[in-house]
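Trainee: Here it is, the structure, as structure tokens.
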Amino acid sequence: MKQRKNSNRMERVNEEFKKEISHIIDQDLKNTNITGLISVIKVKVSPDLREARVYISLLNCKSKKNTLEALNKSKGFIRSELAKRINMRYTPNITFEEESNLSIIGNSVFYGCFKLKSISIPSSIQTIRSYAFADCKRL
Numbered sequence: 002m003k004q005r006k007n008s009n010r011m012e013r014v015n016e017e018f019k020k021e022i023s024h025i026i027d028q029d030l031k032n033t034n035i036t037g038l039i040s041v042i043k044v045k046v047s048p049d050l051r052e053a054r055v056y057i058s059l060l061n062c063k064s065k066k067n068t069l070e071a072l073n074k075s076k077g078f079i080r081s082e083l084a085k086r087i088n089m090r091y092t093p094n095i096t097f098e099e100e101s102n103l104s105i106i107g108n109s110v111f112y113g114c115f116k117l118k119s120i121s122i123p124s125s126i127q128t129i130r131s132y133a134f135a136d137c138k139r140l
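Sequential numbering from 2 applies to the sequence shown in my numbering.
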């Protein structure tokens with residue numbers, strides 16, 4: 002029973018880190034070497050909260066290698082921003098890895114599209130939503 006309770010907590014921690022790291026990369030990170038669309042696919046935080054592996058998908062990058070290196074150079078800034086946003090005893094060391102498993106990437110895109118469908122959107126944007134959801138159905 003205790004193990005189940007701990008796994009639920011780790012799932013919540015992983016999701017919270019995923020959400021915050023995505024927001025930091027998208028909104029706050031100002032590195033010119035980071036190009037293209039970066040999607041955080043999943044985050045695995047160790048049970049002692051000292052290490053975190055961030056699996057990302059890189060699309061439309063000039064150079065995937067340079068973008069990954071730039072993210073790893075910016076991990077100190079990302080870690081300090083995480084410490085400000087998430088109140089935990091330890092802020093984990095971050096390691097970025099490119100996710101190459103297409104089934105995992107496809108599942109997260111489908112999940113994102115499913116969440117898009119459940120959002121209430123004003124009627125003026127309904128056509129955009131229907132086109133976006135139609136694209137997801139093709140996956």
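The beta carbon of each residue, even a glycine, is placed where N, CA and C say it ideally should be.
Measure the C-alpha to C-alpha separation of ILE95 and ARG80 and round it to an integer number of angstroms.
Mentor: Approximately 7 Å, taken between the alpha carbons.
Trainee: If you compare alpha carbons, which of ARG13, PHE97 and PHE18 is closest to TYR1?
Mentor: Nothing about residue 1 can be reported from this structure: the residues present for the chain run from 2 to 140 only.
Trainee: THR68 by DSSP, collapsed to three states: which one?
Mentor: Note: THR68 maps to helix in three-state DSSP.
Trainee: Taking 9 Å as the threshold (C-beta atoms), are SER58 and GLU99 in contact?
Mentor: Closer than 9 Å, so yes.
Trainee: So the candidates are ILE25, THR33, LEU30 and LYS43; which of them puts its Cα closest to the Cα of SER101?
Mentor: Closest option to SER101, Cα to Cα, is LYS43.
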